[in-house]
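In short: position in the sequence shown from 1, add 444, done, that's the working numbering. We put the CB at the ideal spot given by N, CA and C, even for glycine.
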Amino acid sequence: MAKPELVVERTAPPPFGYTVGSLIKHQIEVFAPYPWRLEASRLPGSGFVSDWLEIYRLDWHQNSKAGGNHYTIEITYQIFPLLQSPTQLTIPELSLTFIDSKQQEYSYRLPPWDFAATPLIPNQLIDHSPQPLWQPRPKDLRPHWHRLGMLGGATLLALTLLAWHQRWLAWQRTPFRRALSKIKSAIGAEDPRGAFKAFHQALNETAGYALFPDRLNRFLRQHPGFMPLALELEQFFQASQKLFFQDQESSEFLDRLENLCRACIRAEKQCRKSD
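Here it is, written out as structure tokens:
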């Protein structure tokens, strides 16, 4: 099979100056001679490419020209890397499929694109041992020792009385218990994004890392108490993607989110028992 004489040109921004949440737009111009045409159904859709890279939007249009077709593909990426220092990252190669009149296929691979990303706050600007702006004057604390001794006994008694209550207090502080209150408030205020963000925050806090859809199986293995909720958690991520990245309503799942959060409270309780 003879290869088509494609003309492909990519226009990209400077490969530096990016941080968490940055959008990176690439424009790809393609000329495909007859009888070849771009198989647009093979273009990637919106969604995560990896745990830090997402296709935020992809648009394309076609113009007929003498001897073939001209295609313009505009693809916008959004990045979510976890960085502590400037890092070199790579947007992977993009595969473009072309088909001729005999249904023969040819795959053109647009090379990877390297760029530099930096943390939101450069590490050298973080003061790891901050000093107060003023120094307090030395003060004689000896008069207070007697008072502290008297208070110490009362404090010990109070701690003893509260010790039995610690399990309940720990239960109150669990991520999904806190999220439930926020979700109720957000639903009451007709703020679906606020409700979804609260649930995302609880998932991330429980996992100990940013929990993206492709990490869900890992999370379920680490927290088996959530295994019965696997399908509902997958549906949550799907609804979240539609809400945040496709501007689609998620009212149907929003009605289920409060009950899902209650189920997660029971799941994290089960995980604590197994520990």
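From this set, the options, which residue's C-alpha is nearest residue i's C-alpha?
| i | options | result |
| --- | --- | --- |
| A739 | S508, L675 and I535 | Limits of the chain in this structure are 445 at one end and 719 at the other, which puts residue 739 out of reach. |
| L526 | A630, T463 and I627 | T463 |
| S412 | A561, F460, H644 and G638 | Because residue 412 is not part of the residues shown, which for the chain are 445 to 719, the question remains open. |
| A639 | W504, S684 and R591 | S684 |
| D691 | P636, L664, H644 and R662 | P636 |
| K546 | G669, P479 and K628 | P479 |
| Q682 | V474, R486, L701 and T520 | L701 |
| T520 | V474, S551, F492 and L467 | L467 |
| Y552 | E537, L564, F559 and D558 | E537 |
| E518 | G511, Y500 and Q532 | Y500 |
| A720 | A674, L687, K686 and F689 | Past the edges of the chain, shown from 445 to 719, lies residue 720, and the structure says nothing about it. |
| K469 | D503, F689 and G512 | D503 |
| H505 | F475, L655, R621 and R622 | F475 |
| P458 | T531, Y550 and D558 | D558 |
Compute the beta-carbon to beta-carbon distance between residue i and residue j, rounded to the nearest angstrom, for a pair I have assumed lies under 8 Å.
| i | j | result |
| --- | --- | --- |
| E453 | P477 | Not a contact, Cβ separation roughly 15 Å. |
| I523 | W496 | 6 Å |
| C705 | I627 | 6 Å |
| P657 | F460 | Between F460 and P657 the Cβ distance is about 29 Å, and since that is not below 8 Å, they are no contact. |
What is the DSSP secondary structure of residue i, counted as helix, strand or coil?
| i | result |
| --- | --- |
| Q532 | strand |
| H514 | strand |
| R617 | coil |
| D495 | coil |
| A683 | helix |
| F663 | helix |
| A654 | coil |
| L538 | strand |
| S551 | strand |
| Q692 | coil |
| L595 | helix |
| K717 | helix |
| L647 | helix |
| W612 | Since pLDDT at W612 reaches only 47, below the 50 mark, its modelled position is unreliable, and the value read off the structure follows with that caveat. Helix at W612. |
| I570 | Interpretation of I570 is limited by its pLDDT of 48, a score under 50 that renders its predicted location unreliable; the figure taken from the coordinates is listed afterwards. In the structure shown, I570 sits in coil (DSSP, three-state: anything other than H, G, I, E or B). |
| C705 | helix |
What does the alpha-carbon distance come out to for the pair residue i and residue j?
| i | j | result |
| --- | --- | --- |
| N507 | R481 | 11 Å |
| P488 | K717 | 43 Å |
| K713 | P556 | 45 Å |
| C708 | K509 | 57 Å |
| I570 | L647 | Only weak support exists for where I570 lies, its pLDDT of 48 falling under 50; the value from the coordinates is given anyway. Each residue's alpha carbon lies about 27 Å from the other. |
| R611 | E696 | Unreliable placement is indicated for R611, whose pLDDT of 48 sits below 50; the coordinate value is still reported in the next sentence. C-alpha separation (whole angstroms): 35 Å. |
| L540 | R486 | 7 Å |
| R617 | L677 | 22 Å |
| L664 | F680 | 15 Å |
| P672 | C715 | 12 Å |
| Y515 | F542 | 12 Å |
| L554 | V451 | 12 Å |
| L533 | S494 | 12 Å |
| L660 | N703 | 20 Å |
| L564 | F670 | 33 Å |
| G465 | E498 | 10 Å |
| F688 | R591 | 56 Å |
| E634 | A654 | 26 Å |
| D544 | T531 | 42 Å |
| G512 | R622 | 59 Å |
| E549 | E483 | 9 Å |
Since residue i sits in a beta bridge, which residues does DSSP pair it with?
| i | result |
| --- | --- |
| F475 | V451 and H514 |
| H505 | T516 |
| W557 | I535 |
| A543 | Per the sequence shown, residue 543 should be read as Ile rather than Ala. R481 and E549. |
| K469 | T520 |
| Y462 | A561 |
Quick check: does the Cβ of residue i come within less than 8 Å of any heavy atom belonging to the ligand NAP?
| i | result |
| --- | --- |
| I535 | Judged by which ligands are present, the structure shown has none, so any question about the ligand NAP falls away. |
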